[in-house]
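Okay, structure first, notes after.
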Amino acid sequence: MNKFFVIAGLIFASCASTSSAGKSARPAWVDKPESVFEHSRYLAAVGEAFSRSQAEANAFSNLISIFGQRVESKINAVETLRHEMRENVQDFAVSKELSQAVEISANMNNLIGAEIKDRWEDHISKNFYAVAVMEKSQGIRIYNELIDANKKVIEKNLAIAASDKASFEGVIKYRASAKIAESNELFVTVLTILGGPNRAAEMGTAASYRNEASRLAKQIPVRIIVKDDFQGRVAAAFAEVFSKDGFSSGSKEARYELNAVLELAPTTHNNKDLVFTRYALNAKLVDTKNNVVILPFSANGREGHLSQTEADQRAVRGVQRAINEEFAAKFSEYCGF
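Residue 368 in our numbering sits at position 327 of the sequence shown; the count goes up by one each step and never skips.
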């Protein structure tokens, strides 16, 4: 499956800067950061701790809190953005400034565009102080660009989905767009607080994309064929996985087929008090329209009991467990969950 970049939260960044560590005089910013970093140009917050690194982390955390609880709770996924910028250069074309800021963010933990501007150690209390600062004009520029880049990817996703909506690919593109739109909603919040334009009306909402993905999924059935199934339990397990992800089990006309072969066989073991059943499941999810195997899957193992009948039952339960856990995880990942 194609990879789509998903920025699931606010991006991090930090830079080293000047330091007042070791200076005896208490800097004015320790008690009143706006006295040094004018509010008209900057957002600033101070952190305090018994170590320099924790003071910096606290400063960043306090700066994040200025943007509100919703933004604060969603800060993550720097590595995702950095990876996707490398893997999907054509989709995510950004300026050198933003690219460098994201690279810096790989090793630091805070808002992109923010930096530690100064540090101070109080030799009497043994406390460390740090001030985290974001220049508003730079932040506005960066977050405008992030929003624009995300919008372009969403537009491309929707164009692909429109060309083949009755497909897994269409559902995947809408789900990916929902995640990107959620990120943009956070970026809009940050941009507005920095004094930039409110761009919320420019884009679709994450909820609208998720709803469309769910609507499309309900219209896409999957035909399930299991050779030598055991009382229909293997087919039922696959059907449950598809149902949880919003799809239904389908008829012969279904575009997608799950073809599987189940093998159960008694086997010997050194333990003479028990009998064993070996199981093997080989399956593949196929797009019959394009004659492509979307997702291969296999599971095998052995289960034992005092009776062969119960050993068979345990083996089937092992197959069901593999489908409900391993296959379900692979299918959900494929579908963009």
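From the three backbone atoms N, C-alpha and C, an ideal C-beta is built for every residue, glycine too. Nothing here was measured: the structure is a model prediction, and the numbers come from that model.
Item                                                                                                                   : Value
Contact the segment 310-321 vs the segment 274-293: 3+ CB pairs below 8 Å                                              : no
Cβ contact check for the segment 216-224 and the segment 186-202: 3 or more pairs under 8 Å                            : yes
Contact set for Ala340: own chain, Cβ-Cβ below 7 Å, skip 5 residues either direction                                   : Leu322, Val360, Ala363, Glu367
Residues of its chain near Ser65, where Cβ-Cβ distance is below 8 Å and the 5 sequence neighbours each way are ignored : His164
Spatial distance of Tyr184 from Val327 (CA atoms)                                                                      : 41 Å
Own chain, CB closer than 7 Å to Gly373, minus 5 neighbours either side, in chain order                                : Checking the sequence, you will find Ser at residue 373 rather than Gly. Cβ neighbours of Ser373 beyond the five flanking positions: Asp286.
Sub-8 Å separation of Phe108 and Thr230 beta-carbons                                                                   : yes
Test item: CB-CB of Val411 and Tyr297 under 8 Å                                                                        : In the structure displayed, the chain extends from 42 to 378; residue 411 sits before or after that span and is not available.
Arg358, DSSP secondary structure in three states                                                                       : helix
Whole-Å CB distance - His310 paired with Gly342, under 8 Å assumed                                                     : No, His310 and Gly342 are not in contact; Cβ-Cβ is about 13 Å, not under 8 Å.
8 Å Cβ cutoff met for Leu305 and Phe279                                                                                : no
Cβ-Cβ distance between Ala258 and Phe288 below 8 Å                                                                     : yes
Limits of the beta strand (DSSP E) - the one that Lys313 falls within                                                  : Premise fails: Lys313 is in no beta strand (DSSP E) and is neither H nor E.
Reduced DSSP category for Pro68 - H, G, I as helix; E, B as strand; rest coil                                          : coil
For Phe78 and Ala69, believed in contact at Cβ under 8 Å, the rounded distance                                         : Actually they are not in contact, since the Cβ atoms of Ala69 and Phe78 sit about 10 Å apart, beyond 8 Å.
Three-state class that DSSP yields for Lys158 in the structure shown                                                   : strand
DSSP-derived helix/strand/coil call for Ala363                                                                         : helix
Lys313 vs Leu336 beta-carbon contact at 8 Å                                                                            : no
Straight-line gap, Leu232 to Ala203 (C-alpha atoms, nearest Å)                                                         : 31 Å
Supposed contact pair Ala96 and Ala171 - C-beta distance, whole angstroms, cut 8 Å                                     : 4 Å
Cutoff 8 Å; reference Thr246; Cβ partners in own chain excluding five residues on either side                          : Ala222, Glu226
Residue interval of the alpha helix (DSSP H) (run including Asn99)                                                     : 93-106
Residue burial classification, Pro307 (beta-carbon count within 10 angstroms, cutoff 16)                               : exposed
Integer-rounded CB distance, given that Leu299 should sit under 8 Å from Ala277                                        : That belief does not hold up - the Cβ atoms of Ala277 and Leu299 are roughly 12 Å apart, past 8 Å.
Of the listed residues Ser92, Gly88, Gln179, Asn99, nearest to Arg82 (C-alpha basis)                                   : Gln179
Gly237 versus Arg182 - alpha carbon distance                                                                           : 9 Å
7 Å CB neighbourhood of Lys330 in its chain, flanking five on each side removed                                        : Arg296
As assigned by DSSP and simplified to three states, the class of Val302                                                : strand
Span of the alpha helix (DSSP H), counted from its first residue to its last, around Lys220                            : 209-234
DSSP-derived helix/strand/coil call for Phe279                                                                         : helix
Three-state secondary structure assigned by DSSP to Leu257                                                             : helix
Three-state secondary structure assigned by DSSP to Ser373                                                             : helix
Paired residues, beta bridge with Glu243 - DSSP                                                                        : DSSP lists no partner for Glu243.
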